[in-house]
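A.B. asks: The sequence shown maps to residues 1325 to 1697 in my numbering.
Cβ coordinates follow ideal geometry from the N, Cα and C atoms, glycine included.
Source: prediction; values computed, not measured.
One structure is given below, represented as structure tokens, and several questions about it will come after.
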Amino acid sequence: MKILLLTAATGGGHIRASAAVEQYIRDNTDYEVVTVDFLKAINRFLDKTVCDSYRFMAKRVPAMFGRLYKQTNQKNLFSDLVPKLSGMFSNLLYPTIARCEPDVILTTHPFVTEMVSDLKEDGSITVPLICILTDYGVHRAWIAPYVDAYVVASEDMVPELTSFGVEEKKIFPFGIPVHGVFFQREDRDMLLRDLRLDPALPTVLFMAGSFGVSNIMKLYRELEDTQASMQIIVITGRNQRLYEAFEREIAAGTRIPTRLIYFTDEVEKYMHASDLLVTKPGGLTVSEALACNLPMAVFDAIPGQEEDNANFLKVHDMGVRLQKDGNFAQEISSLLQEKEKLQEMRENCKHFDKSQSIPNLLALIRDLVEEKP
1325 MKILLLTAAT
1335 GGGHIRASAA
1345 VEQYIRDNTD
1355 YEVVTVDFLK
1365 AINRFLDKTV
1375 CDSYRFMAKR
1385 VPAMFGRLYK
1395 QTNQKNLFSD
1405 LVPKLSGMFS
1415 NLLYPTIARC
1425 EPDVILTTHP
1435 FVTEMVSDLK
1445 EDGSITVPLI
1455 CILTDYGVHR
1465 AWIAPYVDAY
1475 VVASEDMVPE
1485 LTSFGVEEKK
1495 IFPFGIPVHG
1505 VFFQREDRDM
1515 LLRDLRLDPA
1525 LPTVLFMAGS
1535 FGVSNIMKLY
1545 RELEDTQASM
1555 QIIVITGRNQ
1565 RLYEAFEREI
1575 AAGTRIPTRL
1585 IYFTDEVEKY
1595 MHASDLLVTK
1605 PGGLTVSEAL
1615 ACNLPMAVFD
1625 AIPGQEEDNA
1635 NFLKVHDMGV
1645 RLQKDGNFAQ
1655 EISSLLQEKE
1665 KLQEMRENCK
1675 HFDKSQSIPN
1685 LLALIRDLVE
1695 EKP
């Protein structure tokens, strides 16, 4: 069997979900799997335009991004723009799909889902199409008439999808795919000792690469001013300015033991070592933390899908949402001191078990391919 994964780099989540599926297939089956960034396959200029526009709106004008997200989620002329634009580009994507000759197509981005649906509608493509949603809320842009199955993050999304006209039999709440290392339990004390941190202290993990420098430094300094006992791991990603700002802060002397990490491909190690994660609520970050049974304090959510993710955590008591105008330090301190509350949140994360997401997805793929005329 040959599986084609279509994704794009508008935010890291689409790529990470595809990579998790691809790695599992390569490690556990003899299927052939090919991953394609559909925007790059169509046109490099289009890829740069779409990705740069997304990053600009999400980081620089989030309020505008939120309004656009809400407007396109309503049935109106504006919401019809995405399907029309996708239809224009679907024929440009077809040669890439035809060269691959897949038995099934998986998509992790709404634009390409619409494109493949258009190609199925005109008969250019006849293989099954499975759409993997990468957030905890539903947006109309993901819905296309010729999708054979939707794999979604949670059972909460089933009624949301049916309200958009999707048949319930096409909806599978398997969970967002994440790499298996996040489900593998680690020895927390050993991880902390390796990091030269104290296993007896509560550990807060900051995944701060996408935060603004001023925002995250303000939060860090507020925690410094409390009397709460804790230690902090800060991962700045490739945010060089933020890394250098923390270097200066730590060199000047801090009350809280802090371990500073630049880019790492071992995020799971730091999640397994921590008691609480402070982060922006991207769909894949949330899913990876839940796989590690790690409660979250989410901050600076982009209006739109990140708000949906933050609300999901709050409703299911697996995280708290920190407000910019709230007392951030007090909320974190209280959580660390209320050990029963934090443990209850960890148990809720544990009960939200999506460890079989990719095996279930593979079973669904086999069923759909066998059913195909």
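#1: By the three-class DSSP mapping on this structure, what secondary structure does residue 1560 have?
#2: In whole angstroms, what is the alpha-carbon distance linking residue 1453 and residue 1593?
#3: What is the C-beta distance between residue 1618 and residue 1475, in whole angstroms, given that I count them as a contact (C-beta under 8 Å)?
#4: Let me see if you follow: with CB-CB separation under 7 Å, is residue 1334 close to chain B or not?
#5: Measure from the alpha carbon of residue 1515 to the alpha carbon of each residue in 1445, 1672, 1446, 1596, then state which is nearest.
#6: Mind checking whether residue 1600 and residue 1613 have CB atoms under 7 Å apart?
#7: Suppose the cutoff is 8 Å on Cβ atoms and the five residues either side in sequence are ignored; what does the same chain contact list for residue 1581 look like?
#8: Would residue 1702 be called buried (16 or more neighbouring beta carbons within 10 Å of its own) or exposed?
#9: How about the segment 1560-1574 and the segment 1503-1517: do they share at least three Cβ pairs that are nearer than 8 Å?
#10: With a Cβ-Cβ cutoff of 7 Å, do residue 1559 and residue 1341 count as a contact?
#11: From what residue to what residue does the beta strand (DSSP E) around residue 1585 run?
#12: Could you compute how far the alpha carbon of residue 1519 sits from the alpha carbon of residue 1547?
#13: The beta strand (DSSP E) that contains residue 1643, what's its start and end?
#14: Could you say if the segment 1327-1340 and the segment 1422-1440 meet the contact criterion of at least three C-beta pairs nearer than 8 Å?
#15: Could you tell me the distance, in whole angstroms, from the CA atom of residue 1699 to the CA atom of residue 1396?
C.D. replies: Reading from the atomic positions:
#1: coil
#2: 34 Å
#3: Their Cβ separation, rounded to whole angstroms, is 23 Å, which puts residue 1618 and residue 1475 out of contact at 8 Å.
#4: Absence of chain B from the displayed structure is noted, only one protein chain being present.
#5: 1596
#6: no
#7: 1521, 1522, 1525, 1555, 1556
#8: Any question about residue 1702 goes unanswered here, given that the chain covers just 1325 to 1697.
#9: no
#10: no
#11: 1582-1585
#12: 21 Å
#13: 1643-1646
#14: yes
#15: Here the chain covers residues 1325 to 1697 and nothing more, so residue 1699 does not appear.
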